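The structure appears right after this line, and notes come after that.
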């Protein structure tokens, strides 16, 4: 069920005419191919003479690399080459923000699974045998794995620069502020995996010009190209990337995984090279969500108004930097939640350790903080004897509020309204009261017959969260599009060229909708996303619909201007006498010129590099500054049944309310909300990469569990459309908000059912029944 | 790697005798994972999925003899009423795709302590039929497992069937996992009641190096029920009896901490499941 | 070894198959039928689901040799003459497709479900599709699609 509640709308776009324009439930242009199995994902590529690449990885979380002996592997029939760091012709390190990660290990390996060598062979099985035959000598070292110890000045350094990647400080208001009601707590978030279904894969083909063409599943073609070209020692124009079908991303494809490796192998063998990670390798092949420990103290007046929040957060970034800096920036600036707090002190640390590298995952920084601050809000409500929604609404930020960073919230921030909506949504029917009724599959334990009602208690929980949309803290964030318009046999055709990556979220649908509305035509051709056009920036941070829609709107406006100029010349009237309506130019005396007529003079083309309004770097000592472009908000209510004796949970119903500014495609918006909410459910109840002394214990879908269709409850969604006046069409980024508050809402519901503190996610059965003191009691609480 | 695909049971046994290193593969739900994940490179595979004898079950001398190749789906569909505990366990195995392929024979052959079929078969006092060109032997299931993923199966032997009496009374099975479907058991428990003989059967899974019976709990309950004449005139089980039963079930376990759960939780969960499963089975008995 | 099998009504013969290969690998890398997907290769995700002699299986768990002489239907074999099947149509119409990597497996599993149970309850749908992981949709629109396909009599 969904409700679309229109409140403030921008006027319809100038050319709106078709039923597949902005605001319509247009169908995915790739949907038919996808249901038929004909859509080419990055693992479905093939080329004549192709060989297979594979990666030799370190079994040790930390070791000195003594030697790599490829001779035995090279003797295997069908093996083409074995490459080590000595074969990297250009820059030997790469990285999203800072090039701190070796393309292939040099000197020291810093995490289990670090790439050490590459092989190319005539089949996957030969490649696997070759990988096993590469003799690597390591001298294992004691890994730095405890983040709390890693941040001490005495800790052994993972990198020469020290273990603290970033210390974000925020200071606002009175540091000595006191309050009559104080609650404090320590919280922990485990390491979540994006667990996209399409494994890392791609195909690199050596080109005649000495360059290379790479087809790959990624979130950001140009940032990949920058890193690939640097490592190959080639100019960027010799490295051409095209987007292959992406089987989900959720942040995990923002960093380079096999891109450089594929190109190295292709250039060395002179053949097309394909690589496909297995599921196990995928767990080692991409960054994960930062695990975090968070300590909060909240102070409030007896009326419930927040007086101060003090927070200290430690995020384990693992062996390499990836996007740790941005994660810390988000956690720090968003760390008190969507509330007005006059006195704030936040210290957020991002660390290097010898654990698996962590980087982008849906909602990064905001997810970890929200779990903690929403638990704190519930404790405060309990302390004050207030309803959790009441307390939150009392402190909710709104348009005009001041962030702890000093930034004014200058567009709608309907935090209280979202909470009220989920609070007032109809509740599910009550728990069947009689033990022994036919409830198979409906109770905790699912189909496994663990209860007939015994021990089952229902609980309800609420949470609200927010996140910045787009790249923040002064980043020059832009998107390029090229739109051309030409006459076709069946009417005018618009062609869109863009490097923006479709990951499943529906960007391709949005692109067609915007162009149809803006130009009033029906035929929109989307060229494969590739590097023939300028960077689109990343499909991450809930930014790509915002940015690409903004860029397309601008490009279409320029095309319309070009058409008007042509019409003016043709009709011999001044441009101001002409107007644009529904894909036609209207002149004086009922003169009408259609697109096709205007395109007789030849096609038109516009390339636009579009930026959102600038943001500022924050002050390093106080965290003050206009760091963010826009925020997205969502609230959840979760109803759960908990088997309090076995510690098993069945989520009964989740209600979500989210403001999206403007739903370009309402169906896709709701799909994002369902999917994001479900990933939050996974973090609440089951998803964790378990690490022991730097080693991953569960790199498989047998032991890294993601929700099945039996774990997900009916999800009802209320979508608000409160236009952001600063954003194209008033829209707000959608993808991340629903992931942020679903986790704390579910945990709050489990707390309500069990009466336990539950300060760690994912919840484990032993925590829920109270067997694990640390998990159940959240460590020492003061 | 060689691939042998006998089309008859005699051929299968002959091939196994000739190639004792060949790994039998039926539904592939364990073997193929090991191959796909590069964990195992056996010299040969022995595909027994097309051996017609293995796909049959029949009833003789008051026992069911179920071919090792009968899938979980068929067990549920064809043998549910006769083996309700096993059918309940079969329904919790993986997904429809896995249940269509997976077999009890494969479960036994893998001998995982977490095998879902094991607890109800232990509770039902099943035996495993092992065959080779040397002959056939029947091994009681609680003597079959020798360690984690180890059994008495000899290198030249194949599992031909399991043999079990149709449930003489109520049976229950429950399994704890951290997801509502598609989980490997964190711990599981099965109970079987035989009112005619006054026997109680149990099986515990994922809580010891092998699946095992909780002998102490069985003896305790049998004695209690006999002393109180409860088999003849069933009355609700007293709380202390349920408690003691659960305690003895837990005492039979020797779980470990692993990636799926802690030893402490496994003990706790077994106690809860034992109490519940017995109370449900007993309630079923009282209803009949 | 050599494998002969019938896929979507078309006989195939392929040589030099490695004995440890899965049916999934044969379909994808030898026959060029990329529709069946390779997300986990351990039977946990269902994205490689096909019908083997009419039975729903994970093709990653079928040894290539076990498919010798058998009939396989993959996602490419659904629908008639390039027209989508009702299930496929319902998945597109309901918005049950996002990245689409799980979609072929879900479509095949849904076809199998509706063949055996033309009017499933929500719980029956959930039980039938529990072996098909989807990371994008949260399954809500998948349920919509299955209900719609059942309503159309497939």
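Residue numbers (this note's numbering), protein chains in the order written: chain A, 1 to 782; chain B, 783 to 1070; chain C, 1071 to 1224.
Glycine included, every Cβ here is placed at the ideal spot set by N, Cα and C.
A quick note: this is a predicted structure, and the numbers were derived from the prediction, not measured.
- Contact between the segment 386 to 394 of chain A and the segment 698 to 714 of chain A is absent: fewer than 3 CB-CB pairs across the two stretches fall below 8 Å.
- Counting C-beta pairs closer than 8 Å gives three or more between the segment 109 to 123 of chain A and the segment 77 to 86 of chain A, which meets the contact rule.
- Relative to residue 371/A, the option among 753/A, 745/A, 495/A whose CA is nearest is 745/A.
- For the options 276/A, 227/A, 240/A, 270/A, the alpha carbon positioned closest to that of residue 254/A is the one of 227/A.
- Going by beta carbons, residue 229/A and residue 236/A fall inside the 8 Å limit.
- Only residues of its own chain outside the window of five on either side were considered, and among them 170, 311, 332, 335 have a CB closer than 6 Å to the CB of residue 346/A, listed in chain order.
- Assignment of residue 925/B by DSSP, reduced to helix, strand and coil, places it in the helix class.
- Residue pairing for residue 986/B: DSSP places it in a beta bridge opposite 971/B, 994/B.
- Listed in chain order, the positions of the segment 1160 to 1184 of chain C with a beta carbon within less than 7 Å of a beta carbon of chain A are 1161, 1162, 1165, 1167, 1168, 1169, 1170, 1171, 1172, 1173, 1174, 1177.
- Between the C-alpha atoms of residue 1015/B and residue 981/B there is a straight-line separation of about 15 Å.
- For the pair residue 141/A and residue 63/A, the CB atoms are nearer than the 8 Å cut-off.
- In this structure, residue 223/A and residue 259/A do not form a Cβ contact; the two beta carbons are roughly 10 Å apart against a cut-off of 8 Å.
- According to the DSSP secondary-structure assignment, residue 312/A is paired through a beta bridge with 295/A, 347/A.
- Within the segment 67 to 154 of chain A, the runs of alpha helix (DSSP H) that reach at least 4 residues and sit entirely inside it are, in chain order, 71 to 74, 124 to 133, 147 to 150.
- Inclusion of residue 629/A and residue 731/A in the CB contact set at 8 Å is not warranted, their separation being larger than that value.
- Residue environment analysis places residue 66/A among the exposed positions, since fewer than 16 neighbouring C-beta atoms fall within 10 angstroms of its C-beta.
- When DSSP reads this structure, residue 608/A sits in a beta bridge with 481/A.
- Distance from the CA atom of residue 586/A to the CA atom of residue 593/A, rounded to whole angstroms, is 7 Å.
- The alpha-carbon separation between residue 105/A and residue 88/A amounts to approximately 11 Å.
- Note on geometry: alpha-carbon atoms of residue 833/B and residue 885/B lie some 13 Å from one another.
- Excluding the 5 residues flanking it on each side, residue 854/B has same chain C-beta neighbours closer than 6 Å at 872, 875, 881, 884, in chain order.
- CA-to-CA, the gap between residue 951/B and residue 1003/B works out to about 15 Å.
- Only residues of its own chain outside the window of five on either side were considered, and among them 498, 499, 533, 534, 535, 536, 551, 607, 608, 609, 610 have a CB closer than 8 Å to the CB of residue 480/A, listed in chain order.
- Contact annotation: in the segment 436 to 469 of chain A, residues whose CB is within less than 9 Å of a CB in chain C are 440, 441, 442, 446, 447.
- The secondary-structure analysis by DSSP pairs residue 466/A across a beta bridge with 633/A.
- In the structure shown, residue 1034/B adopts helical secondary structure according to DSSP, grouped into three states.
- Taking a contact as a CB-CB distance under 8 Å, the pair residue 1208/C and residue 715/A counts as one, their CB atoms being some 6 Å apart.
- Residue nearest to residue 460/A within the set 560/A, 653/A, 681/A is 653/A (criterion: CA-CA distance).
- The Cβ atoms of residue 367/A and residue 32/A do not sit closer than 8 Å to each other.
- Residue 1000/B sits close to residue 984/B, with the two beta carbons spaced by under 8 Å.
- The Cβ-Cβ distance between residue 946/B and residue 827/B does not fall below 8 Å.
- Restricting attention to 789/B, 825/B, 788/B, the CA atom closest to the CA of residue 802/B is found in 825/B.
- Assigned with DSSP and collapsed to three states, residue 735/A falls in coil, not helix or strand.
- In the DSSP assignment, residue 174/A falls outside any beta strand (DSSP E), carrying neither H nor E.
- Shortest Cα-Cα distance from residue 194/A to any of 1205/C, 1214/C, 1109/C involves 1205/C.
- Around residue 43/A, the same chain offers 198, 199, 201, 276 as residues with beta carbons nearer than 7 Å, after the five sequence neighbours per side are excluded.
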